[in-house]
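Enquirer: Numbering (this note's numbering), first residue to last: 6 to 352.
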Ligand code: 13P
Ligand code: SF4
């Protein structure tokens, strides 16, 4: 006799309803009842432990769909997740994303125990510059405000005047007093900001450091031209971490949250998403009527998250999975993020 109404079977069916349209999977899995049955015991146990321990899971849209739809309490982009961390009353925050995001959560929610499933989940942007490097830039350009993209370490935030996200960077830079500013760590985003300031007629001198995102710096104008030739009516949707040449050819450039909104509210037949593949997975779930053509790439750091690691970290986090920050540094970094919330109360 086949028993179909066990909690695990009901969970597998819940997961299948959510995941059945996901084609863009980092492991090449097909989401069917079998694959959902395999993960159902894990999601059930994680969700039970969350309740028992007063924990929440924040997940960036780039992590795997079984995390986003199986166990996450909040899913979204860096700005949205920072707001959730700031407002959280939970005792434990598990951050399924990358380490700089978990650090940001700890900066904004210092009383919570903030846990990362994998300490190796870095970011090519955040890891491209240290606090000492920022101090050296400030010594060369005394008095110029430092704008740091949120993809930066707590140490870099502590040395900066205002934080920005991919959603508010243009408005915050445009409204900063003074002409000259230092921008860290994303050289390509700085180039996109320069282009946007020119377009808006805002006179700014932007001096940037040299980091790039290893996912977004790979997209090319040739890829866009090829896709447009093959799919008439195609919309190209890009993240501001892409090169300015790519951004100039896109129909829309914005944060991952804004990219999702753009696709959901537009009625084009095809979309080329110039960002990490996880976002396409989210759209396959939330906008199943849309067609996505190839182009997306994987962030190896985001993909270090897994249900198994989340379960282990919730049960008994190892010391290396718990985010700790020096209190003086945390307060300085918080000032930089709070300034962003003052200047951009909404993304
Ligand atoms: P968003 O804040 O737009 O989600 O960007 C985060 C990120 O890491 C992009 O690579
Ligand atoms: Fe960092 Fe790029 Fe990965 Fe985003 S996609 S976390 S910017 S390496």
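For glycine and all other residues, C-beta sits at the position ideal for the given N, C-alpha and C.
As the structure is a prediction and not an experimental result, all values here were calculated from the model.
Locate the beta strand (DSSP E) running through residue 242, then write down its first and last residues.
Expert: It spans 240-243 - the beta strand (DSSP E) in which residue 242 sits, taken as one unbroken run.
Enquirer: Sorted by chain position, which residues of the same chain lie with C-beta nearer than 7 angstroms to residue 303's C-beta, five sequence neighbours on each side aside?
Expert: Taken in chain order, the residues that qualify are 31, 281, 282.
Enquirer: Is residue 82 close to the ligand 13P? I mean its beta-carbon at under 6 angstroms from any heavy atom of the ligand.
Expert: For the ligand 13P, at least one heavy atom lies less than 6 angstroms from the Cβ of residue 82.
Enquirer: What is the DSSP secondary structure of residue 75, counted as helix, strand or coil?
Expert: Correct three-state label for residue 75: helix.
Enquirer: Check each candidate in 328, 109, 102 and name the one with the smallest Cα separation from residue 127.
Expert: Taking only the C-alpha atoms, the option nearest residue 127 is 102.
Enquirer: Any idea if residue 339 is buried or exposed, counting beta-carbon neighbours within 10 angstroms, 16 or more meaning buried?
Expert: Flag for residue 339 reads buried.
Enquirer: Around the C-beta of residue 123, are 16 or more other C-beta atoms found within 10 angstroms, so that it is buried, or is it exposed?
Expert: Its Cβ being crowded by 16 or more others within 10 Å, residue 123 is buried.
Enquirer: Compute every distance between the C-beta of residue 156 and the non-hydrogen atoms of the ligand SF4, then say whether any falls below 6 angstroms.
Expert: Flag set: Cβ of residue 156 near the ligand SF4.
Enquirer: Check whether the Cβ atoms of residue 89 and residue 54 lie closer than 7 angstroms to each other.
Expert: Not closer than 7 angstroms, so no.
Enquirer: Are there three or more Cβ pairs, one per stretch, closer than 8 angstroms when the segment 223-240 is compared with the segment 208-215?
Expert: Counting Cβ pairs under 8 angstroms, fewer than three are found: no touch.
Enquirer: Within the chosen definition, does the segment 285-297 reach the segment 56-76 through at least 3 CB pairs nearer than 8 angstroms?
Expert: They touch, by the three-pair rule.
Enquirer: Determine the direct distance from the alpha carbon of residue 200 to that of residue 151, and round the result to whole angstroms.
Expert: Straight-line Cα distance between these residues: approximately 19 angstroms.
Enquirer: I'd like to know whether the C-beta atoms of residue 157 and residue 195 end up nearer to each other than 7 angstroms.
Expert: The answer is no: Cβ separation not under 7 angstroms.
Enquirer: Going along the chain, which residues of its own chain have a beta-carbon closer than 8 angstroms to the beta-carbon of residue 6, five neighbours each way excluded?
Expert: Any reading at residue 6 needs caution, since the residue's pLDDT is 45, under 50, leaving its predicted position unreliable; the model's value is listed next. Excluding sequence neighbours, residue 6 sits near nothing in its chain.
Enquirer: Put residue 328 into one of helix, strand or coil per three-state DSSP.
Expert: Here residue 328 sits in coil by DSSP.
Enquirer: Using a threshold of 6 angstroms, is the CB atom of residue 261 nearer than that to any non-hydrogen atom of the ligand 13P?
Expert: Yes.
Enquirer: Whose C-beta lies closer than 6 angstroms to the C-beta of residue 70 among residues of the same chain, with five residues either side of it excluded?
Expert: These residues qualify, in order along the chain: 24, 27, 286.
Enquirer: Who are residue 168's beta bridge partners in DSSP?
Expert: Partner(s): 153.
Enquirer: Does DSSP put residue 116 in a helix, a strand or coil?
Expert: Coil at residue 116, not helix or strand.
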